[in-house]
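Novice: Dumping the structure here so I can ask a few things about it.
There are 2 protein chains.
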Amino acid sequence: MSGRSRERQAKYQRIAAELRAGIETGEYEPGQRLPGENDLMAAHGVARMTARQALALLQAEGLVEARKGAGVFVRDFKPIRRLGVERLARAQWGSGRSIWAADIGGRDLVVDSVAVTEEEAPAAVAEILGLGEEDRACVRRRRFVLDGEPVLLSVSYLSAELVRGTPIAQPDTGPGGTYARLEELGRRPVRFREEVRSRMPNAEESAHLRMSSGMPVMLIGRTAFDDQGRAVEVNEMVLDASAYVLEYNFEA
Amino acid sequence: MSGRSRERQAKYQRIAAELRAGIETGEYEPGQRLPGENDLMAAHGVARMTARQALALLQAEGLVEARKGAGVFVRDFKPIRRLGVERLARAQWGSGRSIWAADIGGRDLVVDSVAVTEEEAPAAVAEILGLGEEDRACVRRRRFVLDGEPVLLSVSYLSAELVRGTPIAQPDTGPGGTYARLEELGRRPVRFREEVRSRMPNAEESAHLRMSSGMPVMLIGRTAFDDQGRAVEVNEMVLDASAYVLEYNFEA
């Protein structure tokens, strides 16, 4: 930071910067308690509100979390590394492995709820899937939980006509999941598009992911295409941003 | 949303959900004014605070924005579509085009500040670049502005020993940019890794990107590798999440 922008900083920002530096250098380790409001008031000669603002800023950045009555602690950010490209490589789902297994380095990412319905797709999804006005979508809604914490909501849309009566319309799609079943239907996905955004969660997302207040979600919209370039699946995902790093590897 | 979760919703959430549905169906179009606090109080028989909370929720989600004295308006989300894979394809920078040109569909994404320095790299970056304790990094700090609004902060690290005395150490790197110059140095990037996260901005990021309060940033960490698998550049980017969609296309 330049000297000029340092001067512009309010006191609470300077205190936050000092604490942030302490977290980054490891002076305060993950899980460790930060100095409290009283400590900061004494150390910096500031009012309680200033100390509180400094801690609130670090909370808003996701670096620390308040635990009721116990103080403010350095967050232990051990994100799920979601590999966009290798994760969907056919070698994985082709041999019956879950597309999720590569993500979590031994930790336990599990589906804790799944609901499969037939309904009208949202207009944007219907257009991508080429569904007409009379056509219905098979909709698979799942929530994924890691170490007991909900981290991902996933809603997958496929042509109901295509998948009706197959395991894709069942909660358990069998080994290799939806993509292995699509291959059996002659609609093997060969190309993927992922679109990534971030925003604050709405109330429903916040409740279902048990989000800390003030923390954003990432959205991934994934479209799977067959070898004719036809979209066979649209999957809308909402991820707790504090739980994920998305990784994409590709060649020039 | 299930009936049960609808019952759990507070009044302000129900009002927000109704307005949100109106935005999604196009009843309220981008740039259009939403009903104000007084309108919502009359229509729903609620207190001013409830109406205010409903509008605040939509603001936090980034769907609407308040304009002082004028009311709350549907945001016009025309994001920059940043193509991760094609964007970095050699066909583009190899022929002297900027790697950014593909992103914006004719709109004008320009660098409004660039500073090039030689300094010590952060430990994590030094490790990726294979810099020893004595080695310095060439650091290129840029800010990108779209339609007059700052949308992206970019800090690029390269080995100072490698690029010293070349246009990479100058503000203007010439046609094709850094990657074309690296090719001339025999260190052509052939493989890229991008890591994507999201969190709330810190105070400095917030100031430099002129962020609306309560809106998140996306972080992209990009590493460029040469044909020996050596990292030649690490680029840390901070993006205004409300301005960007990241797109990745790849094959199974």
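Read top to bottom, the protein sequences are chains A and B. Numbering follows the UniProt record's numbering, with no gaps: position 90 of the first sequence is 90. Numbering follows the UniProt record's numbering, with no gaps: position 245 of the second sequence is 245. Heads up, the beta-carbon is just placed ideally off N, CA and C, and yes, glycines get one too.
Suppose the cutoff is 7 Å on Cβ atoms and the five residues either side in sequence are ignored; what does the same chain contact list for Ile23 (chain A) look like?
Specialist: Leu63, Val74
Novice: For a contact meaning CB atoms closer than 8 Å, what does Tyr171 (chain B) contact in chain A?
Specialist: Strictly speaking, residue 171 (chain B) in this sequence is Pro, with Tyr absent from that position. Those within 8 Å of Pro171 (chain B) in chain A number zero; the least Cβ separation is about 17 Å.
Novice: Taking Pro216 (chain B) as the query, report the chain A residues whose CB atoms sit under 8 Å from its CB, ordered along the chain.
Specialist: Result: Ser198, Arg199, Met200, Pro216, Ala241.
Novice: By alpha-carbon positions, which one of A:Gly148, A:Asp240, A:Pro189, A:Val155 ends up nearest to Pro79 (chain A)?
Specialist: Taking Pro79 (chain A) as reference, the option from A:Gly148, A:Asp240, A:Pro189, A:Val155 with the minimal CA-CA separation is A:Asp240.
Novice: Tell me where the alpha helix (DSSP H) around Gly26 (chain B) begins and ends.
Specialist: No alpha helix (DSSP H) contains Gly26 (chain B), which DSSP labels as neither H nor E.
Novice: Based on Cα-Cα distance, which residue from A:Leu162, A:Lys11, A:Ser213 lies nearest to Arg187 (chain A)?
Specialist: Nearest Cα to Arg187 (chain A) within the set A:Leu162, A:Lys11, A:Ser213: A:Leu162.
Novice: What does Thr223 (chain B) pair with, by DSSP beta-bridge criteria?
Specialist: B:Arg193, B:Val234
Novice: Met218 (chain B) and Ser206 (chain A): beta carbons closer than 8 Å?
Specialist: no
Novice: Asp112 (chain A) to Glu134 (chain B), Cα distance in whole Å?
Specialist: 51 Å
Novice: I'd like the span of the alpha helix (DSSP H) that includes Thr178 (chain B), first residue to last.
Specialist: Its alpha helix (DSSP H) spans residues 177 to 184.
Novice: For Gln32 (chain B) and Arg67 (chain B), I'd like the C-alpha separation in whole angstroms.
Specialist: 12 Å
Novice: With distances taken between CB atoms, is the gap from Thr223 (chain B) to Arg193 (chain B) smaller than 8 Å?
Specialist: yes
Novice: Can you list, in chain order, the residues of its chain with a C-beta nearer than 7 Å to that of Pro167 (chain B)? Leave out the 5 residues immediately preceding and following it.
Specialist: Excluding sequence neighbours, Pro167 (chain B) sits near Thr173, Gly174, Arg181.
Novice: For Val85 (chain B), which residues in chain A fall below 7 Å Cβ to Cβ?
Specialist: Phe250
Novice: Does any C-beta atom of chain B lie closer than 8 Å to the C-beta of Ala66 (chain A)?
Specialist: no
Novice: Classify Val125 (chain A): buried if its beta carbon has 16 or more other beta carbons within 10 angstroms, exposed otherwise.
Specialist: So Val125 (chain A) ends up on the buried side.
Novice: Strictly below 9 Å CB to CB, what residues from chain B border Val111 (chain A)?
Specialist: The contacting residues do not exist; Val111 (chain A) stays about 18 Å from chain B at best.
Novice: Give me whichever residues DSSP pairs with Arg141 (chain A) in a beta bridge.
Specialist: A:Ala115, A:Val155
Novice: Note down the Cα distance separating Glu247 (chain B) from Phe144 (chain B), rounded to an integer number of angstroms.
Specialist: Taking the straight line from one Cα to the other gives about 19 Å.
Novice: Quick check: the Cα distance between Glu120 (chain B) and Ser242 (chain B), rounded to an integer number of angstroms?
Specialist: 32 Å
Novice: How many whole angstroms separate the CB atoms of Val234 (chain A) and Pro171 (chain A), which I take to be in contact at a CB cut-off of 8 Å?
Specialist: Rounded, the Cβ-Cβ distance is 19 Å, inconsistent with contact.
Novice: Restricting to Cα atoms, I'd like to know which of B:Arg164, B:Val155, B:Ala169, B:Val110 is closest to Gly148 (chain B).
Specialist: Per the Cα distances, B:Val110.
Novice: If the cut-off is 8 Å on Cβ atoms, which residues from the stretch 47 to 72 of chain B count as contacting chain C, listed in chain order?
Specialist: Looking for chain C here will not work: the only protein chains present are A and B.
Novice: Straight-line CA distance for Leu55 (chain B) to Ala54 (chain A)?
Specialist: 27 Å
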